[in-house]
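Notes for the one structure printed next.
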Amino acid sequence: MTTTTAAQPLLTINDLGKQYGPKVVLRDVNLTIQQGEFVALVGMSGGGKSTLLRLIAGLEKMSTGTLTYPDVAPVIRVMFQDDRLLPWMTVRQNITFKRNDAALQARSQKMLARVGLEKWADQYPAQLSGGQKQRVALARALMAKPQLLLLDEPLGALDALTRRKMQDLILQVCQEEQLTTILVTHDVEEAARMADRTIVIKDGTNRYAEKGPDKDDPAAVGVVADQILHDIIDPEGGPA
Numbered sequence: 001m002t003t004t005t006a007a008q009p010l011l012t013i014n015d016l017g018k019q020y021g022p023k024v025v026l027r028d029v030n031l032t033i034q035q036g037e038f039v040a041l042v043g044m045s046g047g048g049k050s051t052l053l054r055l056i057a058g059l060e061k062m063s064t065g066t067l068t069y070p071d072v073a074p075v076i077r078v079m080f081q082d083d084r085l086l087p088w089m090t091v092r093q094n095i096t097f098k099r100n101d102a103a104l105q106a107r108s109q110k111m112l113a114r115v116g117l118e119k120w121a122d123q124y125p126a127q128l129s130g131g132q133k134q135r136v137a138l139a140r141a142l143m144a145k146p147q148l149l150l151l152d153e154p155l156g157a158l159d160a161l162t163r164r165k166m167q168d169l170i171l172q173v174c175q176e177e178q179l180t181t182i183l184v185t186h187d188v189e190e191a192a193r194m195a196d197r198t199i200v201i202k203d204g205t206n207r208y209a210e211k212g213p214d215k216d217d218p219a220a221v222g223v224v225a226d227q228i229l230h231d232i233i234d235p236e237g238g239p240a
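The UniProt record's numbering applies: residue 1 is where the sequence shown begins, and numbers increase by one.
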């Protein structure tokens, strides 16, 4: 993905911390996310990646620190590993929530075409594959015209081929819609292949930052993926 040059960041995180009772999950997190940037968050399970995403989404309150936007808070949408589709609604109804507004219906048609599901608009979730369900979830997220898209391991349950196709689709959509995107993933190759920048969350804070390689060079992607993996397991890691 090509990063959009911007005069100011979309989001600045300063000294962010989160704890549940005595347990500290995140501490002293400092990050700047540029407009149009695709950032991946990686790290060990339980390291705080998804917690950080939920704090950015406003689904939880931080214990310390600040999240700062340059002007007004952007429209934010989240995609989860669970597609969270309502089984009693059709594909179109799931992304419009049965609202019959003409403009909304027109946008739903456009978004379904964008993710290649216009022919499945009247199908129910039970009739779809796992990859198709995640395409619906992506279309639903796009309906609100978000400036910031948060991806919490949305491809984790997909088979390898479907996962690769979804990676390509997400990259294409994010570029065409000029979205700022933050992806949580355990797959270091996925992070290297998709992100402009990969942040390693370790011991509750951001420890490393790796710049994304040329996405058309598999060897370069492999080198960066290996470096990200090394960063995760490196016991001597310092702040990014």
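Cβ atoms here follow ideal geometry from the backbone N, Cα and C, with glycine treated the same way.
Quiz item: In the DSSP assignment, what are the bridge partners of residue 184?
Solution: If you number the sequence shown from 1, residue 184 lands on position 184. According to DSSP, residue 184 shares a beta bridge with 41, 152.
Quiz item: So is residue 100 buried or exposed if we call it buried at 16+ other beta carbons inside 10 Å?
Solution: As a first step, residue 100 is located in the sequence shown; it is residue number 100 there, counting from the start. It is exposed - the Cβ of residue 100 has fewer than 16 other Cβ atoms within 10 Å.
Quiz prompt | Run of the alpha helix (DSSP H) containing residue 136, from where it starts to where it stops | solution = By 1-based counting over the sequence shown, the position of residue 136 is 136. Its alpha helix (DSSP H) spans residues 130-142.
Practice problem: On the DSSP bridge assignment, give the partners of residue 201 in chain order. | Solution: What you label residue 201 is simply residue 201 of the sequence shown in a count that begins at 1. Note: residue 201 sits in a beta bridge opposite 206.
Quiz item: So is residue 20 buried or exposed if we call it buried at 16+ other beta carbons inside 10 Å?
Solution: Numbered from its first residue, the sequence shown carries residue 20 at position 20. A residue is called buried once 16 or more other Cβ atoms fall within 10 Å of its Cβ, and residue 20, having fewer, is exposed.
Quiz item: What do you reckon, are the CB atoms on residue 104 and residue 94 nearer than 9 Å?
Solution: Locating residue 104 in the sequence shown gives position 104, where the first residue counts as 1. Locating residue 94 in the sequence shown gives position 94, where the first residue counts as 1. By the CB criterion at 9 Å, residue 104 and residue 94 fall outside the cutoff.
Self-check item: Span separating the alpha-carbon of residue 222 from that of residue 228
Solution: Position 222 of the sequence shown holds residue 222. Position 228 of the sequence shown holds residue 228. Whole-angstrom Cα-Cα distance: 10 Å.
Practice problem: Report buried or exposed for residue 176, applying the criterion of at least 16 other Cβ atoms within 10 angstroms of its Cβ. | Solution: For the purposes of this step, residue 176 is identified with residue 176 of the sequence shown, where counting begins at 1. By the neighbour-count criterion, in which a residue is buried when 16 or more other Cβ atoms sit within 10 angstroms of its Cβ, residue 176 is exposed.
Exercise. State yes or no: is the C-beta of residue 151 within less than 9 Å of the C-beta of residue 44?
Key: Here residue 151 is taken as the residue at index 151 of the sequence shown, counted from 1. Here residue 44 is taken as the residue at index 44 of the sequence shown, counted from 1. No, the pair does not count as a contact, with Cβ atoms beyond the cut-off.
Quiz item: Three-state secondary structure (DSSP) at residue 222?
Solution: Residue 222 sits at position 222 when you count from the first residue of the sequence shown. The three-state secondary structure of residue 222, taken from DSSP, is helix.
Exercise. Using the Cα positions of residue 75 and residue 69, report the straight-line distance between them to the nearest angstrom.
Key: Position 75 of the sequence shown, counted from the start, is the residue given in the question as residue 75. Position 69 of the sequence shown, counted from the start, is the residue given in the question as residue 69. The straight-line gap from Cα to Cα measures roughly 11 Å.
Practice problem: Run the CB neighbour count on residue 232, radius 10 Å, all protein chains shown included, and call it buried at 16 or more, exposed below. | Solution: For the purposes of this step, residue 232 is taken as residue 232 along the sequence shown, with counting starting at 1. In the assembly as shown, residue 232 is a buried residue. Its beta-carbon has 16 or more other beta-carbons within 10 Å.
Quiz item: Near residue 49, what residues of its chain come up, given a Cβ to Cβ distance below 8 Å and the 5 sequence neighbours on each side ignored?
Solution: Walking along the sequence shown from the start, residue 49 turns up at place 49. These residues qualify, in order along the chain: 41, 42, 43, 184, 201.
Exercise. Examine the Cβ distances between the region 131-138 and the region 59-66 and report whether three or more of them are shorter than 8 Å.
Key: In short, these stretches do not touch, since the Cβ pair count stays below three.
Quiz item: What's the gap between the Cα of residue 167 and the Cα of residue 199?
Solution: Sequence index remark: in the sequence shown, residue 167 carries index 167 (1-based). Sequence index remark: in the sequence shown, residue 199 carries index 199 (1-based). Their backbone Cα atoms lie some 18 Å apart in a straight line.
Quiz item: In chain order, what residues of the same chain lie with their CB nearer than 6 Å to the CB of residue 65, ignoring the 5 residues before and after it?
Solution: Reading the sequence shown from its first residue, position 65 is the one you call residue 65. Answer for residue 65: 14, 15, 16, 17, listed in chain order.
Exercise. May I ask you to list the residues that DSSP assigns as paired with residue 19?
Key: If you number the sequence shown from 1, residue 19 lands on position 19. Bridge partners of residue 19: 24.
Exercise. Look at the alpha carbon of residue 1 and the alpha carbon of residue 142, and state the distance between them as a whole number of angstroms.
Key: If you number the sequence shown from 1, residue 1 lands on position 1. If you number the sequence shown from 1, residue 142 lands on position 142. Model confidence at residue 1 stands at a pLDDT of 49, short of 50, so the residue's coordinates are unreliable; what they give is reported in the following sentence. Approximately 18 Å, taken between the alpha carbons.
Quiz item: Applying the criterion that 16 or more other CB atoms from any shown protein chain within 10 Å of the CB defines a buried residue, is residue 137 buried or exposed?
Solution: Taking the first residue of the sequence shown as position 1, residue 137 is located at position 137. Buried, by the Cβ-count rule.
Quiz prompt | Entirely enclosed beta strand (DSSP E) segments - the region 66-99, minimum 3 residues | solution = The qualifying runs are 76-80.
Exercise. Look up residue 115 in the DSSP assignment and say whether it is helix, strand or coil.
Key: To locate residue 115, count along the sequence shown from 1; it is residue 115. Under the three-state reduction of DSSP output, residue 115 falls in the coil class, being neither helix nor strand.
Exercise. Check residue 213 in the structure and name its three-state DSSP category.
Key: As a first step, residue 213 must be located in the sequence shown, where it is residue number 213. Correct three-state label for residue 213: coil.
Self-check item: DSSP three-state assignment for residue 34, whether helix, strand or coil
Solution: As a working note, residue 34 is residue 34 in the sequence shown. Residue state for residue 34 is assigned as strand, using DSSP reduced to three classes.
Quiz item: Do the CB positions of residue 180 and residue 147 come within less than 9 Å of each other?
Solution: Taking the first residue of the sequence shown as position 1, residue 180 is located at position 180. Taking the first residue of the sequence shown as position 1, residue 147 is located at position 147. Yes.
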